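Mind the numbering: the sequence shown is residues 59 to 271 in this note's numbering, read in order. Note that the Cβ used here is the ideal one computed from N, Cα and C, for glycine as well. This one's a predicted model, so the numbers in the text were calculated from it and none came from an experiment. Written out below as structure tokens is the structure these notes cover.
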Amino acid sequence: KLFAARDYFGIKPYYYAQIDGELLFGSEIKSFLPYPKFNKEVNTLALENYLTFQYSVLDETFFKGVYKLKPAHYLTYQNGTLEIKRYWQPKFEPEKDIVADPVNGKKLQSAIQEVEDVLLDSVGMHTVVSDVEVGSFSGVDSSFVAATFRNGMDKESGKTFTVGFDYEKYNEIGYAEELSKYVGIESNSKIISTDEYWESLPKVQYHMDEPLA
């Protein structure tokens, strides 16, 4: 009996396929390619959805017969039977009295502090459990994460990584370097030329398995 589960938000990928009574599974679709019975066939329905939404909304991938286990779902496989169930469901429960006085509800400030505490705890946990160096991309959300490195870890260990382009509108290296200097962590950046971008696309696509707009 095989049991497998995907994390709450689908951060880690999980793919599976049933071929002639056998189950293939892995974190990359390309791991299925060496299997002798695997047929590389394009799923035209996934392509249709991709051209509409700019990503594949289906459980089935661009490879016909290969499926994604949904976030917060688990599967069991026994005697040729596959069963999939959901094990967690997010709940949205907005506070009606978010700005009310302390007697009748939470103050806005206390709610803000609660959100910040959860974010700091999450960043701190990921820096502890990581088995590789910890770094952050640059952007609005990522900048906040990078700024919290000094709270959850030795700032000598934290790094930022920024990609800039030879098109000024999409070059944020200056902002990233300014933030890293302010926070006190190492900044790494690289300008990618137009030619380098197009030359790298096949390699990028190979590692992604499926296209993403």
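Just to confirm, is the Cβ distance from A63 to Y132 under 8 Å? Yes; because the gap between Cβ atoms is below 8 Å, this pair is in contact.
Distance, H265 Cα to D117 Cα: One alpha carbon belongs to D117, the other to H265, and they sit about 19 Å apart.
Could you tell me the distance, in whole angstroms, from the CA atom of T119 to the CA atom of A271? Taking the straight line from one Cα to the other gives about 15 Å.
Per DSSP, Q76 is paired with what? Per DSSP, L81.
Alpha carbon to alpha carbon, how far is V241 from Y233? Give it in angstroms, no decimals. Distance between Y233 and V241, taken at the CA atoms: about 12 Å.
What is the rounded straight-line gap between the Cα of Q136 and the Cα of G79? Whole-angstrom Cα-Cα distance: 11 Å.
From F121, W146 and E174, pick the residue whose C-alpha is nearest to that of F202; which is it? Per the Cα distances, E174.
Ignoring anything shorter than 3 residues, give me the beta strand (DSSP E) runs that lie fully in the segment 100 to 151, in order along the chain. Those beta strand (DSSP E) runs which fall completely within the segment 100 to 151 and span 3+ residues are 124 to 126, 131 to 136 and 139 to 144.
If you follow the beta strand (DSSP E) that T185 is part of, which residue opens it and which one closes it? Where T185 is concerned, there is no enclosing beta strand (DSSP E), although the alpha helix (DSSP H) it sits in stretches over L166 to V187.
In angstroms with no decimal places, state the Cα-to-Cα distance between K217 and Y228. Distance between the alpha carbons of K217 and Y228: 21 Å.
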